[in-house]
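Note sheet for the following structure.
Residue numbers (our numbering): 283 to 581.
Below is the structure:
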């Protein structure tokens with residue numbers, strides 16, 4: 283019997299901040315590998331998600347949102363987007379169902395044109411549009427900007443249109459070996475996922491100006507020999523002493539909430555009981571210091 287040929291497709295998910303890229307990645311995988319909040323620029327690095335369906339393996343990269351860099355960290359984030367786009371078989375540009383496209387979005391479309399990259403336009407959050415005629419009008423307006431290989435209306439939050447999107451992506455899968463074992467979900471180490479879960483809870487619970495000046499490092503992650511418990515020690519770094527006080531909160535109340543919410547999700551992710559201890563330290567203006575950006579694994 284002739285053996286069927288395996289295929290793979292490398293896919294970059296790009297778009298402006300808070301458009302739903304991480305939600306889309308999580309929805310496609312059926313598992314959470316990227317943190318999701320309602321604050322922009324949540325994703326800082328290139329996160330790889332892997333989905334294997336039969337003979338086809340999709341390798342997705344969820345990139346930081348396109349924005350105007352204001353710090354060295356922001357410069358690294360934007361560079362990550364441009365590098366990701368140049369290395370893939372197809373780009374998925376995620377846009378809103380209404381409103382003007384930003385200069386960054388238009389620049390990305392121009393870059394796709396220049397590099398002659400296959401590009402699928404995913405119009406996300408269609409569940410927010412009650413009048414579907416407006417959605418059709420929006421699609422026609424977007425089609426006029428570029429000859430996209432496909433335009434797919436989706437709702438990452440509700441799972442609408444995802445099968446259609448995967449069907450379109452399958453056209454760009456090329457014969458090759460699978461680059462990851464078929465049961466792989468992500469290439470991110472457990473420590474990275476755990477740190478991101480803690481940062482997500484911080485983003486969700488704190489005021490907007492504080493979380494973006496924070497980073498999380500895992501200092502210790504070790505399973506006890508006598509009990510099925512994983513001890514994790516994490517340090518939250520912030521840029522100002524005043525921010526440290528807010529993160530800790532009165533009597534340690536805010537830090538306890540962050541750690542408690544994170545622990546529940548980490549236990550689900552690791553499928554194990556977890557003893558989580560969080561500390562807070564100040565690193566002045568770390569987002570503009572290359573050595574610190576590198577030490578946090580964000581370069």
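No residue lacks a Cβ here, since even glycine has one placed at the ideal position from N, Cα and C.
How would you label residue i, buried or exposed, when you count the other beta carbons within 10 angstroms and need 16 or more for buried?
i, result
"residue 482", "buried"
"residue 369", "exposed"
"residue 559", "exposed"
"residue 308", "buried"
"residue 306", "buried"
"residue 302", "buried"
"residue 287", "exposed"
"residue 435", "buried"
"residue 420", "buried"
"residue 508", "exposed"
At the level of alpha carbons, what is the spacing between residue i and residue j?
i, j, result
"residue 424", "residue 477", "37 Å"
"residue 310", "residue 540", "27 Å"
"residue 473", "residue 426", "44 Å"
"residue 606", "residue 376", "Since the displayed the chain opens at 283 and closes at 581, residue 606 lies outside it and no answer follows."
"residue 537", "residue 381", "38 Å"
"residue 525", "residue 565", "11 Å"
"residue 533", "residue 542", "15 Å"
"residue 390", "residue 422", "19 Å"
"residue 387", "residue 379", "14 Å"
"residue 594", "residue 502", "The first residue shown for the chain is 283 and the last is 581, placing residue 594 beyond what the model contains."
"residue 337", "residue 289", "6 Å"
"residue 452", "residue 340", "8 Å"
"residue 294", "residue 313", "18 Å"
"residue 342", "residue 334", "11 Å"
"residue 299", "residue 555", "34 Å"
"residue 439", "residue 404", "13 Å"
"residue 396", "residue 529", "45 Å"
"residue 441", "residue 304", "13 Å"
"residue 504", "residue 415", "55 Å"
"residue 412", "residue 418", "12 Å"
"residue 495", "residue 552", "27 Å"
"residue 511", "residue 548", "12 Å"
"residue 487", "residue 550", "20 Å"
"residue 348", "residue 401", "Bear in mind that the predicted position of residue 348 carries a pLDDT of just 43, short of 50, making it unreliable; the figure below should be weighed with that in mind. Taking the straight line from one Cα to the other gives about 16 Å."
"residue 527", "residue 516", "17 Å"
"residue 518", "residue 374", "33 Å"
"residue 520", "residue 544", "18 Å"
"residue 546", "residue 329", "22 Å"
"residue 480", "residue 437", "26 Å"
Residue range of the alpha helix (DSSP H) that residue i falls in?
i, result
"residue 473", "472-487"
"residue 383", "Looking at the DSSP string, residue 383 is not in any alpha helix (DSSP H), and its letter there is neither H nor E."
"residue 375", "Premise fails: residue 375 lies in the beta strand (DSSP E), 372-377, not in any alpha helix (DSSP H)."
"residue 298", "Counting along the chain, residue 298 falls outside any alpha helix (DSSP H), and DSSP gives it neither H nor E."
For residue i, report the span of its beta strand (DSSP E) as first-last.
i, result
"residue 503", "497-505"
"residue 513", "511-520"
"residue 436", "Element bounds for residue 436: n/a, residue is neither H nor E."
"residue 344", "338-344"
"residue 448", "Residue 448 -> not in any beta strand (DSSP E); alpha helix (DSSP H) instead, spanning 444-452."
"residue 427", "Unbroken run through residue 427: none, as it is neither H nor E."
"residue 332", "329-335"
"residue 562", "555-564"
Tell me the DSSP secondary structure of residue i in three-state form.
i, result
"residue 533", "helix"
"residue 257", "Nothing about residue 257 can be reported from this structure: the residues present for the chain run from 283 to 581 only."
"residue 391", "helix"
"residue 404", "strand"
"residue 308", "helix"
"residue 410", "helix"
"residue 289", "strand"
"residue 315", "coil"
"residue 523", "helix"
Legend entry - Cβ contact check for the segment 407-419 and the segment 445-462: 3 or more pairs under 8 Å: no
Inset, instruction - Kindly confirm or deny that the segment 428-435 and the segment 456-474 touch, where touching means at least three C-beta pairs closer than 8 Å. - result: no
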